[in-house]
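Undergrad: Numbering (the numbering used here), first residue to last: 5 to 88.
Got a structure for you, written out below as structure tokens; questions coming shortly.
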């Protein structure tokens with residue numbers, strides 16, 4: 005089991021918080037390239053935000069990396085089982 009170097013959370017615990025894999029499908033404000041995949045993503049609770057999808061980057065030792073707030077039309081979300 006892999007643990008994050010900065011906070012000690014495991015990949016399994018992080019997967020429970022961010023259950024989806026995200027793939028960028030259109031140009032976006034962050035300049036993330038179309039086709040790039042992020043291993044951790046989730047949908048915010050509630051409907052008030054114009055950016056309801058939270059996408060987390062990853063680094064080798066700090067797997068939660070940066071968080072991006074995206075519009076629904078900017079990403080494609082799949083479950084890890086469906087991505088295989």
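Glycine is no exception: its CB is placed at the ideal position from the N, C-alpha and C atoms.
What is the rounded straight-line gap between the Cα of residue 72 and the Cα of residue 10?
TA: Working through the chain shown from its first residue, we reach residue 72 at position 68. Working through the chain shown from its first residue, we reach residue 10 at position 6. Rounded to the nearest whole angstrom, the C-alpha separation of residue 72 and residue 10 is 19 angstroms.
Undergrad: Can you find at least 3 beta carbon pairs, one from the stretch 6 to 25 and one from the stretch 78 to 85, that sit closer than 8 angstroms?
TA: yes
Undergrad: Just to confirm my understanding: we take residue 48, look at its own chain, exclude 5 residues before and 5 after, and list those with CB closer than 7 angstroms. What are they?
TA: Stepping through the chain shown from its first residue, residue 48 is reached at position 44. Excluding residues within five positions, the ones whose Cβ falls inside 7 angstroms are 56, 58.
Undergrad: Could you check which residue in 19, 6, 51, 70 has the C-alpha nearest to that of residue 76?
TA: Working through the chain shown from its first residue, we reach residue 76 at position 72. Out of 19, 6, 51, 70, 51 has the C-alpha closest to the C-alpha of residue 76.
Undergrad: Give the C-beta separation of residue 60 and residue 44 to the nearest angstrom, bearing in mind that I take them to be a contact with Cβ-Cβ under 8 angstroms.
TA: Within the chain shown, the letter at position 56 stands for residue 60. Within the chain shown, the letter at position 40 stands for residue 44. Between the beta-carbon of residue 60 and that of residue 44 there is about 4 angstroms, and that keeps the pair under the 8 angstroms contact cut.
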